[in-house]
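Numbering (this note's numbering), first residue to last: 3 to 223.
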Amino acid sequence: MLPIAVAVVDDETHVRRLFESAVQADSGLTLAFAAQTVAEAKALAQTHAAQVYLVDLGLPDADGREFIRWITSNQPGALVMVVTTFGDDEHIVSSFAAGAVGYLLKDSSTGEIAQRIAELVAGGSPISPSVARRMLQHFVSTPPSPAAPSAPAVPESENTLSVREHEVLRLIEKGLTYDEVAQALGITWHTVTGYLRRVYRKLEVNSRGEAVFEARQRGWL
């Protein structure tokens, strides 16, 4: 199994170097690149695409969420984990809306980075405990929006899985790893994660177990 390619996007030199060291110290990870700005990160991502992006939000030339949206659009199979000092509702919720699938505060130990990246790649959504509590409080305190009188129908593509998405999820249901799914279907590991990202989005879930459960509930498996 090839090492997981990780990119670090952070303008604080000492933090960026700590993350670089954490990645380089783990044999299961490899550093794709490190960048200080959104512009630099976009340029490097086009020539040194990573599987996982660790992104700060307070970057000097633009908001980190702009880069997250750009990566989500241009590299749909990539996984983004925010690592930042911002722990307020607006930054948390908007980062996930932009496409992030993990959110850690910078008070997290850098020793956790490799573990959290592995968790992310395995289908999880690493979130700092205080962030998870704020998210829970946000959704509990936010009243449900009134139903629209004549909401448009959801496109059929969002109500069903494509043939390939179904094949990937069926193999995941059988307990196959991402590498085994890739080998069985003759595609790359990176492509497998891209299909799963779309499955998660359609099912509104964040892990393989949740995806299998929800798909069964809907009769898709």
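Idealized CB from N, CA, C, for every residue including glycine. Note that the structure is predicted; figures quoted are calculated from it, not measured.
**Prompt:** By a C-beta neighbour count over all protein chains shown, 10 Å radius and 16 as the cutoff for buried, is Val-165 buried or exposed?
**Reply:** exposed
**Item:** Sub-8 angstroms separation of Leu-163 and Lys-204 beta-carbons
**Value:** yes
**Message:** Across the segment 106-122 and the segment 43-52, are there enough close Cβ pairs to call them in contact, namely three or more that are closer than 8 angstroms?
**Reply:** no
**Request:** Indicate whether the contact test is met: 3 or more Cβ pairs, each with one atom in the segment 184-191 and one in the segment 57-76, closer than 8 angstroms.
**Result:** no
**Request:** Under 7 angstroms Cβ to Cβ from Gly-89, same chain only, skipping five residues before and after it: list those, please.
**Result:** Leu-107, Ser-132, Val-133, Arg-136
**Prompt:** By Cβ distance, which residues of its chain are closer than 8 angstroms to Val-214, with the 5 residues on each side in sequence left out?
**Reply:** Leu-171, Ile-174, Glu-175, Leu-223
**Request:** Return the Cβ separation of Ile-115 and Val-25 in integer angstroms, given the expectation that the two are a contact with Cβ distance under 8 angstroms.
**Result:** 7 angstroms
**Asked** Can you give the beta carbon distance from Thr-195 to Gly-79, rounded, assuming they're within the 8 angstroms contact cut?
**Response** 5 angstroms
**Request:** Pick out whichever of Ala-124, Thr-39, Gln-53, Lys-44 has its Cα sitting closest to the Cα of Gly-60.
**Result:** Thr-39
**Reduced DSSP category for Asp-91 - H, G, I as helix; E, B as strand; rest coil** = helix
**beta strand (DSSP E) segment containing Asp-104, residue limits** = Per the sequence shown, residue 104 should be read as Gly rather than Asp. Unbroken beta strand (DSSP E) run through Gly-104: 104-107.
**Prompt:** Hey, Ile-6 and Val-123 are a contact pair by Cβ (cut 8 angstroms); roughly how many whole angstroms apart?
**Reply:** 6 angstroms
**Prompt:** Nearest-angstrom Cα distance between Arg-220 and Gly-125?
**Reply:** 20 angstroms
**Request:** Classify Arg-218 as buried or exposed, calling it buried when 16 or more other Cβ atoms lie within 10 Å of its own Cβ.
**Result:** exposed
**Request:** Could you tell me the distance, in whole angstroms, from the CA atom of Gly-228 to the CA atom of Leu-20?
**Result:** Coverage of the chain is limited to positions 3 through 223, which leaves residue 228 absent and any answer about it impossible.
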